[in-house]
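Visitor:
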Amino acid sequence: MFPGNYRTYGVSRKDRQPLLDFMLEALRGEGCRILYHSPAAEAPFRITFETVEGERLGIVAYAFLANSRETKNRPADEHRFQLKYGSKDGLFHELWQDPFGLYTTLLAGINPEMGFFVGADPVLHSPTRLFISVEFKERHVEEILAKGWYAWERERQRAPEEPVEVLVGGIPKSFLSYVRFEREAMGEDQGHRQLLAERDLKAKPTVHALAREFQLAESEVFDLIENAMRLKVAVRGSVAEEHLYRQLSKLPGIRCSRLPGDGPDLSARLLDGREVTIECKNALRKPNREGQARLDFQRTRAAKSDPCSRYYSPKDFDVVAACLHSVTEQWEFRFALSARLDQHAKCLGKLSSNVHLDERWSGDPLEILRAVSTQR
18 MFPGNYRTYG VSRKDRQPLL DFMLEALRGE GCRILYHSPA AEAPFRITFE TVEGERLGIV
78 AYAFLANSRE TKNRPADEHR FQLKYGSKDG LFHELWQDPF GLYTTLLAGI NPEMGFFVGA
138 DPVLHSPTRL FISVEFKERH VEEILAKGWY AWERERQRAP EEPVEVLVGG IPKSFLSYVR
198 FEREAMGEDQ GHRQLLAERD LKAKPTVHAL AREFQLAESE VFDLIENAMR LKVAVRGSVA
258 EEHLYRQLSK LPGIRCSRLP GDGPDLSARL LDGREVTIEC KNALRKPNRE GQARLDFQRT
318 RAAKSDPCSR YYSPKDFDVV AACLHSVTEQ WEFRFALSAR LDQHAKCLGK LSSNVHLDER
378 WSGDPLEILR AVSTQR
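Residues in the sequence shown are numbered consecutively from 18, following my numbering.
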């Protein structure tokens, strides 16, 4: 029995059949046995299959045609796919996620003629308006076809304040790996999404491998998972906070504590009684042209009535701790005063989402914690 309900759309069988065939043939090419697939006239596509190892998997695929058709006022080297179901109603549409974790949701553009696909983050895009486009470049297609699997940051020249998004691309031979990747990456921040994409996707992680990556004892990994509500995503966030907590707790004259709820992650009380609040954020995988690490410094979602609610205010916390694990694969941090970060260009009283770890950031947390007093 199917584990949940989601909205379906009537689509053209003729137009969508090549997309469904691409996925089915890609899975069969890896030795998978197709157990069920929905008809091409119904979107999103639902496919269940069994791998050669006997693993049973299911996908719900929001799949669209990717092409490089010449478009007025658009770059000549641009490829794109358009999220297009039904009529252009201007409403927000949810991209379904299986609450039981049995099915993996995909959001992808497929070019059957050239033999590649490009996957976008379905969590980041939900809810979404339809008839929007996801663009990428000819050079990205060349990398996909040459390497068989490739990940990169989507360019946002027209909307630089939009959230950073990591796209992945592959050929039919890597489609099964793509399914496994999206299962592992669901809800991850974009830095770790790219880190996961750049690893060997066919290697199945074990508890021992996770413990080695997190640099914690296996029992500590289990304790963190047991107490996390969203499992894999919460584990990575919890691990970063745990390493930050341990680092700060070793500082002389500092009493560090964890904070509950959706506000700052940690609190550090100084000897003079001042309390400093700290927000832990993960860095993006790739540095900027100057070699500086970067943060996509905003919430994933905003209230529909207030787009500016996506951005942080310097009043939300005193210090930002940037975790560099997605860059260096070590649990190390850089620190900055939130009040010294750049202001948002359009949202009054908010902080810019484009953050580079420049001279305002320090590897010495004591220096930054003690500097809080100068801004109060």
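Where is the CB? At the ideal position from N, CA and C, for every residue including glycine.
Nothing here was measured: the structure is a model prediction, and the numbers come from that model.
1. Where DSSP assigns a beta bridge to Ile51, which residues make up the other side?
2. Between the alpha carbons of Val337 and Gly27, how many angstroms are there, rounded?
3. Quick one: what's Cys364 bridged to in DSSP?
4. Among Arg306, Ala137, Glu160 and Cys340, which residue has its Cα nearest to the Cα of Tyr262?
5. In three-state terms, what does DSSP make of Arg311?
6. Could you tell me which of Arg24, Pro56 and Val252 sits nearest to Leu37, measuring between CA atoms?
7. From Leu147 to Ala388, what distance separates their C-alpha atoms?
8. Would you call the CB atoms of Glu296 and Pro281 closer than 8 Å?
9. Applying the criterion that 16 or more other CB atoms from any shown protein chain within 10 Å of the CB defines a buried residue, is Thr121 buried or exposed?
10. From the DSSP output, read off the bridge partner residues of His342.
11. Looking at the structure shown, is Asp323 part of a helix, part of a strand, or coil, going by DSSP?
12. If you measure between the beta carbons of Glu42 and Leu52, is that distance less than 8 Å?
13. Could you pull out every residue in the same chain whose Cβ sits closer than 7 Å to the Cβ of Tyr328, ignoring the five residues on either side in sequence?
14. In terms of residue numbering, what span does the alpha helix (DSSP H) encompassing Tyr195 cover?
15. For Leu74, which beta-bridge partners are listed by DSSP?
16. Expressed to the nearest angstrom, what Euclidean distance is found between the alpha-carbon atoms of His96 and Phe62?
17. Check for me: the alpha helix (DSSP H) holding Val158 runs from which residue to which?
18. May I have the straight-line CA-CA distance separating Pro331 from Asn90, to the nearest angstrom?
19. Counting Cβ pairs closer than 8 Å, one from the region 161–169 and one from the region 123–130, do we hit at least three?
20. Based on Cα-Cα distance, which residue from Ser284, Leu268, Gly187 and Ser236 lies nearest to Glu258?
21. May I ask whether a heavy atom of the ligand MG can be found less than 7 Å away from the beta carbon of Gly366?
22. Is it the case that the region 178–191 contacts the region 350–357, given that we only count it when at least three CB pairs across the two stretches are under 8 Å?
Guide: With the given structure in hand:
1. The count along the sequence shown starts at 1 and reaches residue 51 at position 34. Answer is Phe66.
2. Numbered from its first residue, the sequence shown carries residue 337 at position 320. Numbered from its first residue, the sequence shown carries residue 27 at position 10. Cα to Cα, the separation comes out at about 47 Å.
3. Indexing the sequence shown from 1 puts residue 364 at position 347. DSSP output for Cys364 lists no bridge partner at all.
4. Taking the first residue of the sequence shown as 1, we reach residue 262 at position 245. That would be Cys340, whose Cα lies nearest to the Cα of Tyr262.
5. Your numbering for residue 311 matches position 294 in the sequence shown. For Arg311, the three-state secondary structure derived from DSSP is strand.
6. In the sequence shown, the residue the question calls residue 37 occupies position 20. Of Arg24, Pro56 and Val252, the residue nearest in Cα terms is Pro56.
7. Along the sequence shown, one-based indexing puts residue 147 at 130. Along the sequence shown, one-based indexing puts residue 388 at 371. Straight-line Cα distance between these residues: approximately 47 Å.
8. The sequence position of residue 296 within the sequence shown is 279, counting from 1. The sequence position of residue 281 within the sequence shown is 264, counting from 1. Closer than 8 Å, so yes.
9. On the sequence shown, residue 121 is found 104 positions in, with the first residue counted as 1. Under this definition Thr121 is a buried residue.
10. Start at 1 with the first residue of the sequence shown, and residue 342 comes out as number 325. His342 is not bridged to any residue.
11. Position 306 of the sequence shown holds residue 323. Three-state DSSP puts Asp323 in a strand.
12. In the sequence shown, counting from the first residue as 1, residue 42 sits at position 25. In the sequence shown, counting from the first residue as 1, residue 52 sits at position 35. Cβ atoms of Glu42 and Leu52: not closer than 8 Å.
13. What you label residue 328 is simply residue 311 of the sequence shown in a count that begins at 1. Taken in chain order, the residues that qualify are Gln315, His361, Cys364, Lys367, Leu368 and Ser370.
14. Within the sequence shown, residue 195 is the residue found at index 178, counting from 1. Looking at the DSSP string, the run of the alpha helix (DSSP H) that includes Tyr195 is Phe192 to Ala202.
15. Locating residue 74 in the sequence shown gives position 57, counting from the first residue. Phe66, per the DSSP bridge assignment.
16. If you number the sequence shown from 1, residue 96 lands on position 79. If you number the sequence shown from 1, residue 62 lands on position 45. Answer to the nearest angstrom: the Cα atoms are 23 Å apart.
17. Taking the first residue of the sequence shown as 1, we reach residue 158 at position 141. Run containing Val158: Glu155 to Lys164, per the alpha helix (DSSP H) assignment.
18. Residue 331 sits at position 314 when you count from the first residue of the sequence shown. Residue 90 sits at position 73 when you count from the first residue of the sequence shown. C-alpha separation (whole angstroms): 39 Å.
19. no
20. Position 241 of the sequence shown, counted from the first residue, corresponds to residue 258. Out of Ser284, Leu268, Gly187 and Ser236, Ser284 has the C-alpha closest to the C-alpha of Glu258.
21. Inclusion of the ligand MG in the displayed structure is not the case, the ligand content being empty and no account of it being possible.
22. Taking a contact to require three or more Cβ pairs closer than 8 Å, the region 350–357 and the region 178–191 do not qualify as touching.
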